[in-house]
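Novice: One structure coming up, written as structure tokens, with questions to follow.
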Amino acid sequence: SQQGEEDPQALSIQEGENATMNCSYKTSINNLQWYRQNSGRGLVHLILIRSNEREKHSGRLRVTLDTSKKSSSLLITASRAADTASYFCATNQAGTALIFGKGTTLSVSS
Amino acid sequence: KAGVTQTPRYLIKTRGQQVTLSCSPISGHRSVSWYQQTPGQGLQFLFEYFSETQRNKGNFPGRFSGRQFSNSRSEMNVSTLELGDSALYLCASSQSDHSYEQYFGPGTRLTVT
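Just so you know, the sequences run in chain order A and B. Remember, the working numbering sits 254 above the position in the first sequence when you count from 1. Remember, the working numbering sits 9 above the position in the second sequence when you count from 1.
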């Protein structure tokens, strides 16, 4: 069963624009992770945010976590065509496996 | 360090057959997890192995099984294949458990006809 649910399911933007994806989950978590997948290939880890953190940055990526609302957002600034991919959030509870959402498909056109 | 490798990359099997997929984790990683990815169900967790022991298991029938060897390499087996088993099977390794980032392999694309 899915723990995290991403919103929107699909997003189309122009190069240079910002892209924001949201993730909502149902139960308390240990940490939340974001991954990227290019066209049916393996997933690449982007960023991990722990339950006691509110915001993390990595290059053009900014992730926020609101445990009171059980939600997270991923912001990609100044998008590039190479950012075209599917983005997944995944939640972890202590001692359990990582559970993935169904993802947001991002399309960046030049 | 070499990344996670999976073999074979593509596989075509017939209903009723069985299949074995292999995964070699990043050197030093002791946790290996397997996921099934389909367009309809998304990414679903199959199982996780740590030091040759199954530590977590997803909600899949007993036809899906796995094991881990002393060198941390892992195999998963699917017996009596069904059409619905057609999927991308992904292996991931990590230092310890799922509270750490997972490093994914390129996947094995299984097609059941």
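Cβ atoms here follow ideal geometry from the backbone N, Cα and C, with glycine treated the same way. Computed from a prediction, not measured in an experiment: that's the story for all the values here.
(1) Taking only beta-carbon atoms, is A/K310 less than 8 Å away from chain B?
(2) Would you mind sorting B/I21 into buried or exposed? The rule is 16 or more other CB atoms within 10 Å of its CB.
(3) Give the DSSP-derived three-state secondary structure of B/L90 in the structure shown.
(4) Going by beta-carbon coordinates alone, are A/T345 and A/L286 separated by less than 8 Å?
(5) Return the residue from the list B/S40, B/N80, B/T47, B/G49 that minimises the CA-CA distance to B/Q63.
(6) With a threshold of 7 Å on Cβ separation, who are the neighbours of B/Q77 within its own chain once the five nearest residues in sequence on each side are excluded?
(7) Does any residue of chain A have a CB that is nearer than 8 Å to the CB of B/L97?
(8) What residues of chain B sit near A/I353, judged by a beta carbon separation below 8 Å?
(9) Hey, out of A/Q263, A/I267, A/R290, A/T331, whose CA is closest to A/S363's CA?
(10) At 3 residues or longer, and completely inside the segment 13-79 of chain B: list those beta strand (DSSP E) runs for me, N to C.
(11) Just the Cα atoms here: how many angstroms apart are B/L52 and A/E260?
(12) Can you say whether A/S255 is buried or exposed, counting buried as having 16 or more other CB atoms within 10 angstroms of its CB?
(13) Any idea which residues DSSP pairs A/N276 with across the strands?
(14) Taking one C-beta from the segment 88-96 of chain B and one from the segment 341-359 of chain A each time, how about it: are there three or more such pairs within less than 8 Å?
(15) Got a sec, what are the start and stop residues for the beta strand (DSSP E) A/T358 sits in?
(16) Where do the ends of the beta strand (DSSP E) carrying A/N346 lie?
(17) Quick one: any contact between the segment 274-290 of chain A and the segment 323-339 of chain A, if contact means 3 or more CB pairs under 8 Å?
(18) Using a threshold of 8 Å, state whether the C-beta atoms of B/N68 and B/G75 are closer than that.
(19) Taking Cβ-Cβ distances shorter than 9 Å, what residues in chain A pair up with B/F69?
Specialist: According to the data block:
(1) no
(2) exposed
(3) coil
(4) yes
(5) B/S40
(6) V41, Y58, E61, S83
(7) yes
(8) F54
(9) A/I267
(10) 14-16, 19-22, 28-33, 40-47, 51-59, 62-66, 73-77
(11) 13 Å
(12) Unreliable positioning characterises A/S255 in this predicted model, as indicated by a pLDDT of 47, which lies under 50. The coordinate reading is nonetheless provided below. Under this definition A/S255 is an exposed residue.
(13) A/D261, A/S327
(14) no
(15) 358-363
(16) 339-346
(17) yes
(18) no
(19) Residues of chain A passing the Cβ test: none, with the nearest at roughly 12 Å.
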